[in-house]
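Its first residue numbered 759, the sequence shown is counted upward by one per residue in my numbering.
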Amino acid sequence: MILAASTDLARGQTAFSLAFHICFAVFGVGLPWLLLYTERRWIRTGDPVWLALTRRWARAFAVLFAVGAVSGTVLSFEFGLLWPAFMARYGGALGLSFTLEGFAFFIEAIFIGLYLYGWKRLSPRAHWLTMFPIAIAGTLSTLFIITANAWMNVPRGVREVGGRVVSAEPLAPFLSPATPAQVIHMLLAALMCTGGAVAGVYAVGMLRGRRDAYHRRGLRVGLVTVLACAPLQAVVGDWAARVVAAQQPLKLAAMEALYQTRSHAPLTLGGIYDDATGEVRHGIEIPDLLSLMTGWSRDHMVTGLAAVPPEQRPNALLVHLAFDTMVALGTALVGLAVAVAVVAARRRRRGVRPTLPTGRGWLLAASATGPASMIAMLAGWEVTEGGRQPWIVYGRMLVTDAVTHSPGLGWAFGGTLLLYLGLATALVLILRRMATGGPTYEATPEAADAVPQAERDRNEAGRDNEAGRNKAGRGEAVPAEPARSAGVER
759 MILAASTDLA
769 RGQTAFSLAF
779 HICFAVFGVG
789 LPWLLLYTER
799 RWIRTGDPVW
809 LALTRRWARA
819 FAVLFAVGAV
829 SGTVLSFEFG
839 LLWPAFMARY
849 GGALGLSFTL
859 EGFAFFIEAI
869 FIGLYLYGWK
879 RLSPRAHWLT
889 MFPIAIAGTL
899 STLFIITANA
909 WMNVPRGVRE
919 VGGRVVSAEP
929 LAPFLSPATP
939 AQVIHMLLAA
949 LMCTGGAVAG
959 VYAVGMLRGR
969 RDAYHRRGLR
979 VGLVTVLACA
989 PLQAVVGDWA
999 ARVVAAQQPL
1009 KLAAMEALYQ
1019 TRSHAPLTLG
1029 GIYDDATGEV
1039 RHGIEIPDLL
1049 SLMTGWSRDH
1059 MVTGLAAVPP
1069 EQRPNALLVH
1079 LAFDTMVALG
1089 TALVGLAVAV
1099 AVVAARRRRR
1109 GVRPTLPTGR
1119 GWLLAASATG
1129 PASMIAMLAG
1139 WEVTEGGRQP
1149 WIVYGRMLVT
1159 DAVTHSPGLG
1169 WAFGGTLLLY
1179 LGLATALVLI
1189 LRRMATGGPT
1199 YEATPEAADA
1209 VPQAERDRNE
1219 AGRDNEAGRN
1229 KAGRGEAVPA
1239 EPARSAGVER
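Below, the structure written as structure tokens:
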């Protein structure tokens, strides 16, 4: 009874900490790549709108990185404090991944300092270049952590005798069959969450009547990011599911709520899994499709939950609901990507600007991409972690064998909740304060001096020629010397 309570508390605290941390960690992966794009556009054009976007996103990134660093530190301590037997046995196998992730984090932190304090101390190009180590380190940090998780799902490179590890390959996490698909799946999810959040912020602003160049460009960058990644994510997700089918058949059975091992296995959409009867209520079954998808044949045998005793089965109700949620939201985002691409292509052929649709319905859909991406990502983590239960290392170590027996887990869980509540409150207040007042477009001296004059002249001449061609195409008079404004594109 005490062990069950300890296990539930430790699992609950770890799950909550992971969910909280991952919501901020994704911005450490995605935002640096968007900042590289917007700052490069400012350097090339001298347009203060791109500078305004870069500066505001950089400040938001600094705050999100700080919160992610705190929550990530708590999560790293929880591995040793809540799961000491796991770390004692398999720490040697995962040590390289955790060490490299620590190096990547410190590199990222150092260059974030250079980036934030280098606006007036570095040349524009040098300042822009400092973002490259941040982007690369953030991506590598995610890669190293996901390799550890992939190894927990499909362990390789470890030899055990009598329940003790006698040899472990340092590169074992990188050699797991689950690593490539999981890493790419998570990196795309991070880009989608970042792009969706950015698109959502500017879509809401445009719905409130702020249709200036600042909001249009912010929406375009975010929306293109999330919608470009959505179809790729569907392909990688299918790849990851095939790896699960080959390496973790019980996880696949929970994802698809399949009770009996059988050929001609159906694919079940939706529905509520009943653990008592092994049936799915209110679901839609597509005959033979699961066998076809996993083995390219209707006669392919798919393992069901009944293949193992009840105590060795994952919670199929939660895993199936989470999997359906992830797939449904991902499919909706792919559909939105296709619709936006078709409409944008038609507008481009007709010469309509902007090419991205900005009607109220489209903006409402764009504003939903952020929450949809985040919920899909969290649902995916529930599938990954919940589908591995009751194992902490699949097929090798049970969760109940890894948990701590120390008292006071309830107090630790409560303290963690209070810490995260404080962090979330501070984050909301800071971001709200940063968002007030709107962007500043004035041509500051640093903006004027940052870009070489010859490059600015070329870009301005190109924009003038393009504006003249557009006006001539519409039958409008083209002035000999078009008036320029130091402010915003209207």
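For every residue, glycine included, the Cβ atom is placed at its ideal position computed from N, Cα and C.
Need the endpoints of the alpha helix (DSSP H) that residue i sits in, please.
i     : result
A908  : M889 to N911
W1120 : R1118 to G1144
Q1006 : Where Q1006 is concerned, there is no enclosing alpha helix (DSSP H), given that its DSSP letter is neither H nor E.
G871  : P842 to Y875
P931  : A930 to L933
State the beta-bridge partners of residue i as determined by DSSP.
i     : result
R922  : V919
M944  : Its beta-bridge partners do not exist; DSSP assigns none.
V1151 : M1155
Give me the Cβ distance between residue i and residue j, rounded to the nearest whole Å; I'm assuming they're in contact under 8 Å.
i     : j     : result
G826  : H779  : 6 Å
L1076 : G1144 : 5 Å
S855  : A906  : 4 Å
A908  : S934  : 5 Å
V821  : L1185 : 6 Å
P1249 : L852  : Any answer about residue 1249 is impossible in this case: the structure gives the chain only from 759 up to 1248.
H1078 : A1012 : 6 Å
V984  : M950  : 5 Å
L1008 : R1071 : 7 Å
M1192 : V1141 : About 34 Å separates the two Cβ atoms, so there is no contact after all.
L1306 : A1102 : What the structure shows of the chain is the stretch from 759 to 1248, and residue 1306 is not part of that stretch, so it cannot be assessed.
S764  : H1163 : 6 Å
S775  : L839  : Actually they do not touch by this definition, with Cβ atoms about 11 Å apart.
M964  : T1116 : 6 Å
I903  : E859  : 5 Å
A1124 : L981  : 5 Å
Would a check of beta-carbon distances place residue i closer than 8 Å to chain C?
i    : result
W886 : In summary, chain C is missing from the structure at hand, where a single protein chain is found.
Where are the alpha helix (DSSP H) runs, 4 residues long or more, that stay fully inside the stretch 1011-1091, in chain order?
1047-1053
Three Cβ pairs or more, each shorter than 8 Å: is that satisfied between the stretch 945-965 and the stretch 772-787?
yes
Check whether the stretch 1156-1172 touches the stretch 1106-1125, taking contact to mean three or more Cβ pairs, one atom from each stretch, closer than 8 Å.
no
Counting Cβ pairs closer than 8 Å, one from the stretch 1051-1066 and one from the stretch 1005-1024, do we hit at least three?
yes
If you scan the stretch 761-785 from start to end, which runs of the alpha helix (DSSP H) of 4 or more residues do you find wholly inside it?
none
Any chance the stretch 862-869 sits against the stretch 832-844, with 3 or more Cβ pairs inside 8 Å?
No, the stretch 862-869 is not in contact with the stretch 832-844.
Is the stretch 806-816 touching the stretch 969-982, taking contact as three or more C-beta pairs under 8 Å?
The stretch 806-816 is in contact with the stretch 969-982.
Would you call the stretch 936-944 and the stretch 996-1010 touching, i.e. three or more CB-CB distances under 8 Å?
Cβ pair count under 8 Å is three or more, so yes.
Using 8 Å as the cut-off, can you tell me whether the stretch 1147-1163 makes contact with the stretch 761-770, which would need three or more C-beta pairs spanning the two stretches below that distance?
yes
Quick check: the stretch 871-891 against the stretch 915-924, are there 3 or more CB pairs under 8 Å?
no
With a floor of 3 residues, list each beta strand (DSSP E) that falls wholly inside the stretch 790-835, ordered by position along the chain.
none
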